[in-house]
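In my numbering, the protein residues as written are 1 to 75.
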């Protein structure tokens, strides 16, 4: 994937999306029900950061914000 968890794990670079476009939800949804739930949750922004320890990539941490709060990364 060109974005998200797998991209962060591959590159080691954090990713911040302060406004999730509907097109992204459509692209990553597994099926119509998954898309319906994502839209219902009003997902607004996300950040994915790499988890490293002692020089090894262990995985990535994802945080997702909804429309009831300011977007992640907003100052």
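Idealized CB from N, CA, C, for every residue including glycine.
Check                                                                                                                                  : Outcome
Are at least three pairs of beta-carbons, each pair with one atom in the region 6-22 and one in the region 63-73, less than 8 Å apart? : yes
In the DSSP assignment, find the unbroken beta strand (DSSP E) run with residue 36 in it and report its ends.                          : Residue 36 -> not in any beta strand (DSSP E); alpha helix (DSSP H) instead, spanning 32-40.
CA-CA distance, residue 7 and residue 1?                                                                                               : 6 Å
With distances taken from CA atoms, which of 26, 13, 52, 45 is nearest residue 37?                                                     : 26
Using the C-alpha atoms, what's the distance from residue 56 back to residue 64?                                                       : 25 Å
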